[in-house]
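To start, the structure under review is shown below, and the notes come after it.
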Amino acid sequence: MAHPLRSLPSVNELLSTPVLKAWVDRANHSTVVNAARRVLDEVRRQVTVAKRELPIPSPSELAERIAAWIEAVDRRGPCPAINATGVLLHTGLGRAPWARAAIEAVEQVAQGYCTLEVDRESGERGARGEALERLFCELTGAEAALVVNNAAAATLLALTVVASGREVIVSRGELVEIGGSYRLPELMTACGTGLREVGTTNRTRLADYEAAVGPQTAAILKVHCSNYRVVGFTESARIEELVKLGRRAGLCVIDDVGSGAMLDPASFGVTSEPAVPRSIAAGADLVIFSGDKLLGGPQAGVLCGARKWIDLARRHPLARALRIDKATLAGLAATLELYRDPQLARVHIPLLAMLDTPLANLRWRAQSIAEQLEAQQVVEKADAIETEATVGGGSVPGATLPSWGVAVMPRSISAESLAVRLRKGDPAVFTRIQGNRLILDLRAVFPGEDAKVVEAFGPLSESRNTPSVENSKSDSPLDSLTNPAPSDSRESASEDSE
Ligand SMILES: *Cc1c(COP(=O)(O)O)cnc(C)c1O
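Each residue of the sequence shown is one higher than the one before, counting from 3 in the numbering used here.
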């Protein structure tokens, strides 16, 4: 009698089932082959170890299992996305894209071992991130620096070290919520720090801080309004004034500047963001900022400032819990290295390059994309239009940047449905909706992505990477919302090369 495993179909046989054909067309070929091998191995293993005879699954049953496996793997991590929202630092889309140098540095340390925490002279255990921290000092003028996981972590650490069991004075207008559950008053509670609110929502003066200083006061915290603006009848104390008060009253002055601009943001047309070196120069004892905002690097939180406080923070048990890994360290160091030559930074740090892109360039690209989109079935009309992009963090106007984009009037589906379709494509394309039109803002779209944006409107863009098993049963499984696909667009859509 033939061994039961003999009737197991081959990988090639499985690839010709309708379900897997759909996957081969839309996903990567080797992904499907790998999945098929894994599922077949699993079946072989089960049949081999089974005490009684197990039925061999049919090819279509196996194909479904393989498809389910690919889908499960597919959903494990984030998918590449094109950011046509006009929000440069879109937290949902991962904030700042990394510089090539940062990516290469990460690859170098990720593939093997590295000198993460070792002293090369003695061979003994060394300090993690020492060189990176020196670089931060060099670039910001700070005495000392410490890098942790994100700015929220840096705030947590700073408040715990400086003011645990005591009070911190904060202006009523600066008690921020950043989203993703960051709410300053709650964070302070978590640190065991008392909050002493001063002033009013719109106006807080130096005198308000002065009047609030008492025996319990440990620090003054200034927080940059990065995702909202208080406009109109407003007043707030400048960091220089707060530093003077802090010196007089023996308080630690903490400046949470948020975005971590190393160069003058005004030189990019962003006038509402503070630069880190300015706050250090003003004398803040601790300056807190993110690595993945205007700095344009990986997610990280930086504490810069007086050695006394940084050393205390470094020795605190929380510092160990909040420390960064080798990939972040390598990526951040490579990004910072670029800042040694501001011209180099402006060219090679994607976020800065986006801020620097001339309007004429964006307009030209918008016109070209609009023209190509008009040829798509799903597009009724596409026009290049002037738009306003934002640096990000929130949707309230403040730091708006002139930009160009494409306004798309969809044919026979709503702008919302089209937006969903684009978001579920591969790469995912994120847009914004204005009335019944879809707006593609080009300020945060890499020039190399323009062709993919156009392709995303093609008949096959919906769920290209994750065809569901039910859909796959039909002849043209992914065209439910769209029109029949010309076979050539299948080919161009299947591989992603950048
Ligand atoms: C973004 C931001 C934070 C939080 O930064 P993460 O790095 O996301 O933790 C804190 N404070 C301000 C002012 C911010 O802008």
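Quick reminder that beta carbons are idealized off the backbone N, C-alpha and C, glycines included.
Pair within 7 angstroms by beta-carbon distance, residue i and residue j
i           : j           : result
residue 348 : residue 354 : yes
residue 58  : residue 9   : yes
residue 267 : residue 143 : no
residue 283 : residue 220 : no
residue 447 : residue 214 : no
residue 290 : residue 305 : yes
residue 172 : residue 204 : no
residue 426 : residue 111 : no
residue 338 : residue 118 : no
residue 276 : residue 226 : yes
residue 13  : residue 332 : no
residue 209 : residue 255 : no
Closest by C-alpha distance to residue i, when choosing among the options
i           : options               : result
residue 264 : 53, 456 and 141       : 141
residue 139 : 440, 423, 312 and 452 : 312
residue 380 : 440, 434 and 336      : 440
residue 362 : 41, 404 and 346       : 404
residue 392 : 272, 385 and 108      : 272
residue 2   : 415, 34 and 443       : Any question about residue 2 goes unanswered here, given that the chain covers just 3 to 500.
residue 389 : 408, 378, 376 and 382 : 408
residue 351 : 103, 435 and 250      : 103
residue 324 : 173, 130, 223 and 410 : 130
residue 120 : 113, 128 and 114      : 128
residue 207 : 218, 240 and 198      : 240
residue 175 : 223, 317 and 449      : 223
residue 15  : 30, 6 and 34          : 34
residue 48  : 7, 20 and 63          : 7
residue 269 : 65, 436, 310 and 345  : 345
residue 88  : 456, 445, 449 and 460 : 445
residue 192 : 157, 199, 180 and 335 : 157
residue 198 : 184, 179 and 167      : 167
residue 74  : 44, 37 and 438        : 37
residue 436 : 460, 149 and 410      : 410
beta-carbon residue i near ligand 1 non-hydrogen atom, thresh 6 angstroms
i           : result
residue 258 : yes
residue 180 : yes
residue 92  : no
residue 286 : no
residue 292 : yes
residue 225 : yes
residue 303 : yes
residue 153 : yes
residue 281 : no
residue 228 : yes
Contact belief for residue i with residue j at Cβ below 8 angstroms, rounded distance in angstroms
i           : j           : result
residue 299 : residue 71  : 35 angstroms between Cβ atoms; not a contact.
residue 293 : residue 248 : Not really, about 26 angstroms apart at Cβ, beyond 8 angstroms.
residue 430 : residue 83  : 4 angstroms
residue 194 : residue 93  : The Cβ separation is near 28 angstroms, so there is no contact.
residue 257 : residue 281 : 5 angstroms
residue 356 : residue 90  : 6 angstroms
residue 159 : residue 321 : 6 angstroms
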